[in-house]
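Asker: All letters in the sequence shown, in the order written, are residues 1012 to 1304 by the working numbering. Glycine is no exception: its CB is placed at the ideal position from the N, C-alpha and C atoms. So that we are looking at the same thing, I have put the structure below in structure tokens.
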Amino acid sequence: MNDVGLKSATPQGANAGHNPSPWGPLGILDSGVGGLSVLRHLRKCLPAENMLYFADQAHIPYGPRSAAEILSFTAEITRFLLRHGAKLIVVACNTATAAALDDLRAMFPGVPFVGMEPAVKPAAIATRTGKVGVLATPSTLNSHRYAGLMARFAGGIQVYENPCIGLVQLIEAGALVAPETRELLRGVVEPMLTDGVDTLVLGCTHYPFIQPLLEEIVGGNVTIIDPAPAVARHTRFVLQQRGLIILDEQTGSLRCFTSGDPRRLEFLSALALGEDCPAEQVHWREGELTDMP
């Protein structure tokens, strides 16, 4: 575990008087590069919006961490993004959404948040066999938020869950088609396929990076559901509802930050977005973020 001290996640850091400008950027946060899969759809859906992306690669992965740790990290990242003018925060991480989103909304009552949820409802509609596989981190699968989704939408279907231990780390390392990634995925999905699963839910924003490999393994008769496009559409709806959307024909800017190695973020952002985005490194100091080395 990283030896960074945890900042107390109390409302004293909240910005109850947050009065965002429509010209402010969107703030997108994730534990690493996974949120780039959401950022890609946000850039398509909201091309005129300026965006800030924060990858907390110093603390990757979030999956095994406690809810208190995740809340402490994401609250400080939210403060960082607000200091840079963010008008809305997208928590582009299923694990962070499950562990911290409700608390973040309470801590920052004037700030609009959009989170991630495993697409259980669309999967329940799409399945023909009544058997659905959910690929997600342990924190997501064990969360109250996920349990609520299951209670509301999974009645009448059989759900197979797998925490995909080690997959996030492989994706962060850029091993998107490596033999070890293929072997891990086969071990995850082949038992599901044998039991008749015909729909898979990508319950972690990192997983769309390996969707081509996953499609190769499962074949054409399995539906794979990525919630990112729906999240982008919902973000657009929230911006419109609050009068914060930019509809100009301009192309919005993108600024990327990482608490880890900028080169890793730059490599995968080029793959995900098809554009170069130099990453700026920031540092954790006693539970707070600073631009100073």
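Please check the pair V1179 and H1217, which I expect to be a contact at CB under 8 Å, by giving their CB distance rounded to whole angstroms.
Answerer: Residue numbering aside, residue 1179 sits at position 168 when the sequence shown is read from its first letter. Residue numbering aside, residue 1217 sits at position 206 when the sequence shown is read from its first letter. The beta-carbon distance between V1179 and H1217, rounded to whole angstroms, is 5 Å. This is short enough to meet the 8 Å contact definition.
Asker: What span of residues does the beta strand (DSSP E) with Y1171 cover, start to end?
Answerer: To locate residue 1171, count along the sequence shown from 1; it is residue 160. Unbroken beta strand (DSSP E) run through Y1171: 1169-1173.
Asker: Go through the stretch 1127-1166 residue by residue and report every complete run of the alpha helix (DSSP H) that reaches 4 residues or more, in order.
Answerer: Every unbroken stretch of the alpha helix (DSSP H) spanning 4 or more residues and falling wholly within the stretch 1127-1166 is given here in chain order: 1131-1137, 1149-1152, 1155-1164.
Asker: Which residues in the same chain as P1033 place their Cβ atom closer than 8 Å to its Cβ, once the five residues preceding and following it in sequence are excluded?
Answerer: Residue numbering aside, residue 1033 sits at position 22 when the sequence shown is read from its first letter. Within the same chain, P1033 has close Cβ partners K1098, G1254, L1255, I1256, I1257.
Asker: Check whether the stretch 1200-1209 and the stretch 1131-1148 touch, using three or more Cβ-Cβ pairs below 8 Å as the test.
Answerer: yes
Asker: Could you tell me the boundaries of the alpha helix (DSSP H) in which V1293 lies?
Answerer: As a working note, residue 1293 is residue 282 in the sequence shown. Element bounds for V1293: n/a, residue is neither H nor E.
Asker: Specify whether the stretch 1276-1285 and the stretch 1078-1096 touch according to this definition: at least 3 beta carbon pairs, one from each stretch, less than 8 Å apart.
Answerer: With a cut-off of 8 Å, the stretch 1078-1096 and the stretch 1276-1285 do not count as touching, because too few Cβ pairs lie within range.
Asker: Compute the beta-carbon to beta-carbon distance between D1041 and A1086, rounded to the nearest angstrom, for a pair I have assumed lies under 8 Å.
Answerer: If you number the sequence shown from 1, residue 1041 lands on position 30. If you number the sequence shown from 1, residue 1086 lands on position 75. No, D1041 and A1086 are not in contact; Cβ-Cβ is about 15 Å, not under 8 Å.
Asker: Pick from P1240, C1215, T1301: whose alpha carbon is nearest that of G1043?
Answerer: Working through the sequence shown from its first residue, we reach residue 1043 at position 32. Comparing Cα-Cα distances from G1043 to each of P1240, C1215, T1301, the minimum goes to C1215.
Asker: Let me know the secondary structure DSSP gives R1090 once reduced to three states.
Answerer: Residue mapping note: residue 1090 aligns to position 79 of the sequence shown, counting from 1. R1090 falls in the helix class under three-state DSSP.
Asker: Counting C-beta neighbours from all protein chains within 10 Å, is the total for D1259 16 or more, i.e. buried, or is it exposed?
Answerer: The sequence position of residue 1259 within the sequence shown is 248, counting from 1. Exposed is the call here.
Asker: For R1150 and A1109, which I take to be in contact (beta-carbon distance under 8 Å), what is that distance rounded to the nearest angstrom?
Answerer: Numbered from 1 along the sequence shown, position 139 holds the residue referred to as residue 1150. Numbered from 1 along the sequence shown, position 98 holds the residue referred to as residue 1109. Per the sequence shown, residue 1150 should be read as Ser rather than Arg. Contact holds; Cβ gap of about 6 Å.
Asker: As an exercise, report each continuous alpha helix (DSSP H) stretch of at least 4 residues that is fully enclosed by the stretch 1038-1085, in chain order.
Answerer: 1047-1056
Asker: Where do the N-terminal and C-terminal ends of the alpha helix (DSSP H) with T1108 fall, by residue?
Answerer: Taking the sequence shown and counting its residues from 1, one reaches residue 1108 at position 97. Note, T1108: alpha helix (DSSP H), 1105-1118.
Asker: Can you tell me whether T1262 is helix, strand or coil according to DSSP?
Answerer: By 1-based counting over the sequence shown, the position of residue 1262 is 251. Three-state result, T1262: coil.
Asker: Whole angstroms is fine: what's the gap from G1167's alpha carbon to M1161's?
Answerer: What you label residue 1167 is simply residue 156 of the sequence shown in a count that begins at 1. What you label residue 1161 is simply residue 150 of the sequence shown in a count that begins at 1. Spanning the two alpha carbons is a distance of roughly 11 Å.
Asker: Do L1224 and P1187 count as a contact pair if the criterion is CB distance below 8 Å?
Answerer: Along the sequence shown, read from residue 1 onward, the residue named residue 1187 stands at position 176. Along the sequence shown, read from residue 1 onward, the residue named residue 1224 stands at position 213. Reading the sequence as shown, one finds Leu at residue 1187 and not Pro. For the pair L1187 and L1224, the CB atoms are nearer than the 8 Å cut-off.
Asker: Can you tell me the Cα-Cα spacing of A1025 and R1116, whole angstroms?
Answerer: As a working note, residue 1025 is residue 14 in the sequence shown. As a working note, residue 1116 is residue 105 in the sequence shown. Residue placement at A1025 is flagged as unreliable, the pLDDT there being 46, under the threshold of 50; the coordinate-derived value follows with that caveat. Going by the C-alpha atoms only, they are around 9 Å apart.
Asker: Using a Cβ-Cβ cutoff of less than 8 Å, which residues in the same chain neighbour V1310 once the five nearest sequence positions on both sides are dropped?
Answerer: This structure cannot speak to residue 1310, because the chain is shown only from 1012 to 1304.
Asker: Please work out which residues of its chain come closer than 7 Å, Cβ to Cβ, to N1013, disregarding the five sequence neighbours upstream and downstream, and give them in chain order.
Answerer: Counting from one through the sequence shown, the residue named residue 1013 turns up at place 2. Residue placement at N1013 cannot be trusted, given a pLDDT of 37 that sits under 50; the coordinates are not used to answer.
Asker: Taking all protein chains shown into account, decide if T1262 is buried (16 or more other Cβ within 10 angstroms of its Cβ) or exposed.
Answerer: Residue 1262 sits at position 251 when you count from the first residue of the sequence shown. So T1262 ends up on the exposed side.
Asker: Taking the beta strand (DSSP E) that I1235 belongs to, which residues open and close that run?
Answerer: Your numbering for residue 1235 matches position 224 in the sequence shown. Where I1235 is concerned, the enclosing beta strand (DSSP E) stretches over 1234-1236.
Asker: In three-state terms, what does DSSP make of T1301?
Answerer: Along the sequence shown, read from residue 1 onward, the residue named residue 1301 stands at position 290. Three-state DSSP puts T1301 in a strand.
Asker: With a 10 Å radius around its C-beta and 16 neighbouring C-beta atoms as the bar for buried, classify L1037 as buried or exposed.
Answerer: For the purposes of this step, residue 1037 is identified with residue 26 of the sequence shown, where counting begins at 1. Classification of L1037: buried, given that the 10 Å Cβ count is 16 or more.
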